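Take a look at the structure set out below.
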Amino acid sequence: MSGRGILLAFAVTALAAQGNAALAAAKCDIGKVAELPTTMVGLRAHVTVKVDGQDTTFTVDSGAAVSFINTETAQRMKLEMYPAPIGYYAKGAGGTDMRLNIVRVSLGIDGIKIPNVVFLALPSVDPGSGGVIGQNVLAAMDTEYDLGNGVIRLMHPSADCEQANLAYWSGGRAVGVVELNAIGPQSPHLRAEAKLNGQTLHVIFDTGAPVSYVKLAAAEKAGFRPEAAGVQASGPTTGIGGRVMESWVAPFDSLDIGGEQIQHTRLRVANLSLDGSDMLLGADFFLSHRIYYSKQQRRLYFTYNGGPVFQLGRPSVALTQAGTPAPAPAAAAQYADVPTDAAGFARRGEASMSRHDYSGALADFTRATELDPKDAEYFRHRAEAHLGLHNGVLAMADFDEVLKLDPSDVRAHMQRAVLYLAAGDEHRAADDFAAAIKAEPDRELIAASLYSASGRFEPAIVHYDAWIAGHPKSERMVDALNGRCWARSLWGHDLDKALADCEAAVRRGPHVAALFDSRGLAHLRRGELDLALADYNEALKLQPKSAWSLYGRGLAKLQKGDKPGGEADIAAAAAIAPNLSAQAKRYGLSAPGTPLKTAG
477 MSGRGILLAF
487 AVTALAAQGN
497 AALAAAKCDI
507 GKVAELPTTM
517 VGLRAHVTVK
527 VDGQDTTFTV
537 DSGAAVSFIN
547 TETAQRMKLE
557 MYPAPIGYYA
567 KGAGGTDMRL
577 NIVRVSLGID
587 GIKIPNVVFL
597 ALPSVDPGSG
607 GVIGQNVLAA
617 MDTEYDLGNG
627 VIRLMHPSAD
637 CEQANLAYWS
647 GGRAVGVVEL
657 NAIGPQSPHL
667 RAEAKLNGQT
677 LHVIFDTGAP
687 VSYVKLAAAE
697 KAGFRPEAAG
707 VQASGPTTGI
717 GGRVMESWVA
727 PFDSLDIGGE
737 QIQHTRLRVA
747 NLSLDGSDML
757 LGADFFLSHR
767 IYYSKQQRRL
777 YFTYNGGPVF
787 QLGRPSVALT
797 QAGTPAPAPA
807 AAAQYADVPT
817 DAAGFARRGE
827 ASMSRHDYSG
837 ALADFTRATE
847 LDPKDAEYFR
857 HRAEAHLGLH
867 NGVLAMADFD
877 EVLKLDPSDV
887 RAHMQRAVLY
897 LAAGDEHRAA
907 DDFAAAIKAE
917 PDRELIAASL
927 YSASGRFEPA
937 IVHYDAWIAG
947 HPKSERMVDA
957 LNGRCWARSL
967 WGHDLDKALA
977 DCEAAVRRGP
987 HVAALFDSRG
997 LAHLRRGELD
1007 LALADYNEAL
1017 KLQPKSAWSL
1027 YGRGLAKLQK
1037 GDKPGGEADI
1047 AAAAAIAPNL
1057 SAQAKRYGLS
1067 APGTPLKTAG
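Going letter by letter, the sequence shown gives residues 477 to 1076 in the working numbering.
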């Protein structure tokens, strides 16, 4: 053990090898080897470590077999890369294979140096950070994932912990436990079994997946159908490797994991490639639990933090947890949950934001601003919590404070611009967008989509034009072309250009509903009703509950004289999105049997 590892002795109650019967109390020592302050950026867990002595931020990814570094990051840090042996490739949930380069580095974690750690270099493996830290680092010892409190701990238990309940923090709460499959170089994932609607699933505990997903084939065995009641289209999703897949949010009666029963829940479904597994339990699951991985026992222990387990805008109806309560050892105070400084409160606040607990986040960010009133980031976080609570006036005051402390804060400029748009102050919104785009030109595409979403199509097109001209080889070109086509089609202006953009997006892009939906609207505006119907039919084949596609197809049918079919589609759209008809009316898309009008 390093001198930094403090051994903590406490008594814990062992879990039964079979069933829930408690065994005799066993004494074990747990050493905390390292502690990584963890910041939730949305639903991605970021930690800062040293790579060859240089501070670098990575996403913690327990679902990655090895660690990855972005090629651009490796080049910027002047790390030596060399090709992986022939036959080595990476395959992510998107299913696409990619050739690799290898980097070997000295990794520094909380003052401890780990020599000769292998990273695989890939282009844009995680654009939001320098890359991902995977199981070749995380599974080398026990790992405690306490994302709800903004920390990950690397632990070292003694041999006496072989049968102990290692959820030392539980304080009498029920403890869930799952037996993991064998972990080794060929199978490094945290993989276990669960039951969905009574059907056995093979699940991977994956902090690198922002949200949990069920594989389409497994969901179908549990009763899922895209057209079923309660199923919602959630649009395309992308895994590592870039393959874009349609996805849905669907109700399920029950999910049982390690004795924890989540009833009447909603889960995301997509046609993922999971190499023999059926479900990813992502960062949303980790945020709602405190989880301990025991390498020695090959088990996961976890307790429930409260609130919704899966981040879908609504809580599960019921959650019960079986398992053996563990005593709360006095030594556990060494790993206290309560932050002691501004950074700790801010990390916990960001975890609460990721779970949509805006009230809890607001309290923590307020405490952070009190402890360090000169840090602009804490005020920005508090402004975002105010936005979550629909307190626009208080959010605006905090964004103003942010930009007094740090006039270069791009996120604050962008978010304040949205508030100005909502208030009808287009001049100040334009100034904030301009400041953000000057600092980060990629923000222009976001500004374009925000203008479009607010119905301000003329400035939206200006920003789409500028971004497309400035990024001719961008991977996001399909999004930009589709966005510009959609904006022009809703506006009812330059429909030849709109159709050209949609045609280009369909040719270049993945086969997903959104592209056919946009092209369908362009055809509808142009009076090309048969082509519009063909596109809407294709979109609805991929996403049967797309409200805009149903509404557009209904209008096309009405224009062709199919009154029963048109009215049925429009009624189906209204059942999914009750406000859609009023929104469409603002764009001149609500006059059955008459020429469609422009929105201007």
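We put the beta carbon where it would ideally sit given N, CA and C, even for glycine.
Small disclaimer: the values here were computed from a predicted structure and weren't measured.
Beta-carbon gap between residue i and residue j smaller than 8 Å
{"i": "Gly-711", "j": "Ala-1060", "result": "no"}
{"i": "Tyr-896", "j": "Arg-887", "result": "no"}
{"i": "Ala-852", "j": "His-862", "result": "no"}
{"i": "Ala-695", "j": "Ala-726", "result": "yes"}
{"i": "Ser-764", "j": "Val-785", "result": "yes"}
{"i": "Ser-543", "j": "Val-593", "result": "yes"}
{"i": "Gly-1064", "j": "Gly-968", "result": "yes"}
{"i": "Gly-783", "j": "Asp-833", "result": "yes"}
{"i": "Leu-1018", "j": "Arg-1029", "result": "no"}
{"i": "Leu-1056", "j": "Ala-1023", "result": "yes"}
{"i": "Ala-643", "j": "Val-654", "result": "no"}
{"i": "Glu-620", "j": "Tyr-768", "result": "yes"}
{"i": "Leu-865", "j": "Ser-835", "result": "yes"}
{"i": "Ile-609", "j": "Asp-537", "result": "yes"}
Nearest neighbour of residue i, chosen from the options [CA to CA]
{"i": "Phe-595", "options": "Met-557, Thr-619, Tyr-621", "result": "Met-557"}
{"i": "Leu-664", "options": "Leu-583, Ser-753, Gly-1030, Leu-677", "result": "Note on residue identity: the sequence assigns Pro, not Leu, to residue 664. It is Ser-753 whose Cα lies nearest to the Cα of Pro-664."}
{"i": "Ser-749", "options": "Asp-729, Thr-713, Leu-776", "result": "Thr-713"}
{"i": "Leu-555", "options": "Val-878, Gly-606, His-522, Gly-1041", "result": "Gly-606"}
{"i": "Ala-910", "options": "Pro-561, Val-938, Tyr-689", "result": "Val-938"}
{"i": "Asp-941", "options": "Leu-672, Thr-676, Ala-956", "result": "Ala-956"}
{"i": "Leu-776", "options": "Gly-735, Val-814, Gly-648, Asp-760", "result": "Gly-735"}
{"i": "Arg-1001", "options": "Cys-961, Gly-652, Gly-647", "result": "Cys-961"}
{"i": "Thr-779", "options": "Leu-926, Ala-859, Leu-623", "result": "Leu-623"}
{"i": "Met-553", "options": "Asp-531, Val-814, Gly-706, Ser-884", "result": "Asp-531"}
{"i": "Arg-774", "options": "Val-517, Ala-640, Asp-885, Ala-560", "result": "Ala-640"}
{"i": "Leu-1092", "options": "Gly-529, Lys-914, Ser-965, Ser-1022", "result": "Lying outside 477 to 1076, the shown extent of the chain, residue 1092 is not represented and no answer is given."}
{"i": "Asp-817", "options": "Asp-833, Phe-841, Tyr-1063, Val-988", "result": "Phe-841"}
{"i": "Ser-634", "options": "Asp-882, Ser-770, Met-890", "result": "Ser-770"}
{"i": "Gln-1077", "options": "Gly-652, Val-707, Pro-686, Glu-722", "result": "Nothing can be reported for residue 1077, as the shown portion of the chain is limited to 477 through 1076."}
Residue i versus residue j - alpha carbon distance
{"i": "Lys-589", "j": "Ala-1051", "result": "58 Å"}
{"i": "Val-527", "j": "Arg-580", "result": "10 Å"}
{"i": "Pro-917", "j": "Arg-742", "result": "37 Å"}
{"i": "Ile-545", "j": "Pro-603", "result": "10 Å"}
{"i": "Asp-729", "j": "His-740", "result": "4 Å"}
{"i": "Pro-599", "j": "Thr-514", "result": "24 Å"}
{"i": "Phe-681", "j": "Asp-751", "result": "14 Å"}
{"i": "Tyr-689", "j": "Ala-837", "result": "26 Å"}
{"i": "Val-509", "j": "Gln-611", "result": "17 Å"}
{"i": "Pro-1054", "j": "Ser-930", "result": "18 Å"}
{"i": "Ala-428", "j": "Leu-731", "result": "The chain is shown only over 477 to 1076; residue 428 falls outside these bounds and no answer can be derived."}
{"i": "Tyr-1027", "j": "Gly-1041", "result": "11 Å"}
{"i": "Leu-1031", "j": "Ala-963", "result": "19 Å"}
{"i": "Val-525", "j": "His-889", "result": "29 Å"}
{"i": "Leu-576", "j": "Arg-932", "result": "44 Å"}
Backbone secondary structure at residue i - three-state DSSP
{"i": "Val-894", "result": "helix"}
{"i": "Asn-958", "result": "helix"}
{"i": "Asn-592", "result": "strand"}
{"i": "Lys-691", "result": "strand"}
{"i": "Ile-767", "result": "strand"}
{"i": "Leu-598", "result": "strand"}
{"i": "Lys-1061", "result": "helix"}
{"i": "His-987", "result": "coil"}
{"i": "Glu-655", "result": "strand"}
{"i": "Glu-669", "result": "strand"}
{"i": "Leu-484", "result": "The pLDDT assigned to Leu-484 is 26, lower than 50, so where the model puts this residue is not dependable; a value taken from the coordinates is nonetheless given after this. Of the three classes helix, strand and coil, the one that applies to Leu-484 here is strand, per DSSP."}
{"i": "Gln-551", "result": "helix"}
{"i": "Ser-1066", "result": "coil"}
{"i": "Ile-716", "result": "For Ile-716, the pLDDT reaches just 47, beneath the cut-off of 50, and the residue's location in the model is therefore unreliable, leaving the point undetermined."}
{"i": "Arg-742", "result": "strand"}
{"i": "Asp-537", "result": "coil"}
{"i": "Arg-629", "result": "strand"}
{"i": "Phe-762", "result": "helix"}
{"i": "Phe-841", "result": "helix"}
{"i": "Asp-941", "result": "helix"}
{"i": "Ser-830", "result": "helix"}
{"i": "Gln-611", "result": "helix"}
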